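Trainee:
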Amino acid sequence: MDAITEKLTLITQNLPAPLRELGVSLIDEKCYVKLIEQLDFSDTECVKLALSKGLGIAIVVGGSIVKVPQIALILRTRDSAGLSVPSYILETLSYLITLFYSYRNSFPFSTFGENVFLSVQDIVVSLLILLYGDSPNPSRRTGDIGLLTGFFIASISALYSMSLENLAYLQLATLPLSLFSKLPQIVANHKAKSTGQLSAFAVLSQIIGCVARVYTTSTEVGDPVVQAGFGLALLLNLILGIQMVFYWGNVPPAAKKKTVAAEKKNVYPTEVEPIDETLTQDYFLTNGRQRRSKPMQRVDHAEGSSRKWERKVD
């Protein structure tokens, strides 16, 4: 075993300079020497830091695709039934506040980087919900999409120019924001007894991400407000996960109505009575408002007669 360790340390001690610099930037010089160059895992603090960094990077990478299945599901079905616009708007604001607060406090990117990708994906989902919503008026949908886009742009501009003190107050507000961002979705699922087009992959990924974030923030950040926010988000995502299990396969009422309406339209097509091309214009002028009780039938008349059509009397 010692011989293997010696051979491995010869490799780890001679890694290319860019890799060494990257490792030191993540877990500092002391922990890099112990864990990488000496392969000594007896230092608990260094092991915890390395684990936290690894989880943080994994969350950032996962956060870049976590809502992609939800976006793909809406685009494929062209339906946003069961998704709550207020939930996604409030969730986006919570992500944006945490993003700017962490950035201004110079927290390690591995502890908040996923908020960049989650914010962008949530904005896309919010706009798609409006685009494929139940509103029958296309112009109203276009107006709502324009207003929501302007709201997001204004929010990002305001947070970017806000002072750190005010951002700290807003970070406190992310606790109720997290609560109210999930409540509309939870209530909508409960009323419909269905989760609609909600992506199971997105919900499961958020549960795993919140568990990891509670650990990484406690190890690297130590900010109780940020930790409380992730703890609350974990609880609410767990409720959504339980609803996914209980309501799996249920169709939302809105989708049922659309299906029934389509079936009626196909089963009972409107019959249109064909127009006899041999009828003259005078016939329509004199009988246009009268409803024929019996079909016109061709009757043979004596040779030379101009009448070809008459009602057949039973």
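Letter 28 of the sequence shown, counting from 1, is numbered 22 in the numbering used here, and no numbers are missing.
Each residue gets a CB set at the ideal place from its N, CA and C atoms; glycine is no exception.
Quantities reported herein were computed from a predicted structural model and do not represent experimental measurements.
#1: Under 8 Å by Cβ, that's how I've got Thr86 and Ile53 pegged, so tell me the actual separation to the nearest angstrom.
#2: Can you give me the Cβ contacts of Ser193 inside the same chain, cut-off strictly under 8 Å, excluding the 5 residues immediately before and after it?
#3: Closest to Leu166 by C-alpha separation, out of Leu29, Asp217, Ile236, would be which residue?
#4: Can you tell me which of Leu124, Gly127, Thr213, Phe224 puts its alpha carbon nearest to the alpha carbon of Ser46?
#5: Which one of Ala206, Thr143, Ile139 has the shortest CA to CA distance from Leu125?
#6: Alpha carbon to alpha carbon, how far is Gly57 from Arg70?
#7: Using only the alpha-carbon positions, how far apart do Leu171 and Ser149 sit?
#8: State the Cα-Cα distance for the pair Leu374 and Ser81, rounded to the nearest angstrom.
#9: Tell me which residues share the same chain as Gly127 and place their Cβ nearer than 7 Å to its Cβ, disregarding the 5 neighbours each side in the sequence.
#10: Going by CA-CA distance only, name the one from Leu141, Glu159, Gln237 that's closest to Val371.
#11: Counting pairs of Cβ atoms below 8 Å between the stretch 20 to 40 and the stretch 3 to 11, do you hit three or more?
#12: Alpha carbon to alpha carbon, what distance is there between Gly203 and Val197?
#13: Our contact map puts Ser88 next to Ser175 with C-beta atoms below 8 Å; I'd like the distance itself, whole angstroms only.
#14: DSSP on Val311, reduced to helix/strand/coil?
#15: Can you look up Pro12 in the DSSP assignment and give me helix, strand or coil?
Mentor: Walking through what the data contain:
#1: For the purposes of this step, residue 86 is taken as the residue at position 92 of the sequence shown. For the purposes of this step, residue 53 is taken as the residue at position 59 of the sequence shown. Contact flag wrong, Cβ pair sits at about 18 Å.
#2: Within the sequence shown, residue 193 is the residue found at index 199, counting from 1. Excluding sequence neighbours, Ser193 sits near Lys61, Pro63, Gln64, Leu67.
#3: On the sequence shown, residue 166 is found 172 positions in, with the first residue counted as 1. For Leu166, the nearest C-alpha among the options comes from Asp217.
#4: Within the sequence shown, the letter at position 52 stands for residue 46. Selected option, being the one with the closest Cα: Thr213.
#5: Counted from its first residue, the sequence shown places residue 125 at position 131. Of Ala206, Thr143, Ile139, the residue nearest in Cα terms is Ile139.
#6: The residue you call residue 57 lines up with position 63 of the sequence shown. The residue you call residue 70 lines up with position 76 of the sequence shown. Cα to Cα, Gly57 sits roughly 22 Å from Arg70.
#7: As a working note, residue 171 is residue 177 in the sequence shown. As a working note, residue 149 is residue 155 in the sequence shown. Going by C-alpha positions, Leu171 is about 15 Å away from Ser149.
#8: Absent from the model: residue 374. The displayed extent of the chain is -5 to 308, so no value can be given.
#9: In the sequence shown, counting from the first residue as 1, residue 127 sits at position 133. Closer than 7 Å at the Cβ level, and outside the excluded window around Gly127, lie Ser74, Arg135.
#10: Past the edges of the chain, shown from -5 to 308, lies residue 371, and the structure says nothing about it.
#11: Flag = yes, the stretch 20 to 40 and the stretch 3 to 11 touch.
#12: As a first step, residue 197 must be located in the sequence shown, where it is residue number 203. As a first step, residue 203 must be located in the sequence shown, where it is residue number 209. Between Val197 and Gly203, the C-alpha separation is close to 10 Å.
#13: Taking the first residue of the sequence shown as 1, we reach residue 88 at position 94. Taking the first residue of the sequence shown as 1, we reach residue 175 at position 181. Right, their Cβ atoms sit about 6 Å apart.
#14: Given a span of -5 to 308 for the chain in the structure shown, any question on residue 311 remains unanswerable.
#15: Position 18 of the sequence shown, counted from the start, is the residue given in the question as residue 12. Secondary structure of Pro12 (DSSP, three-state): helix.
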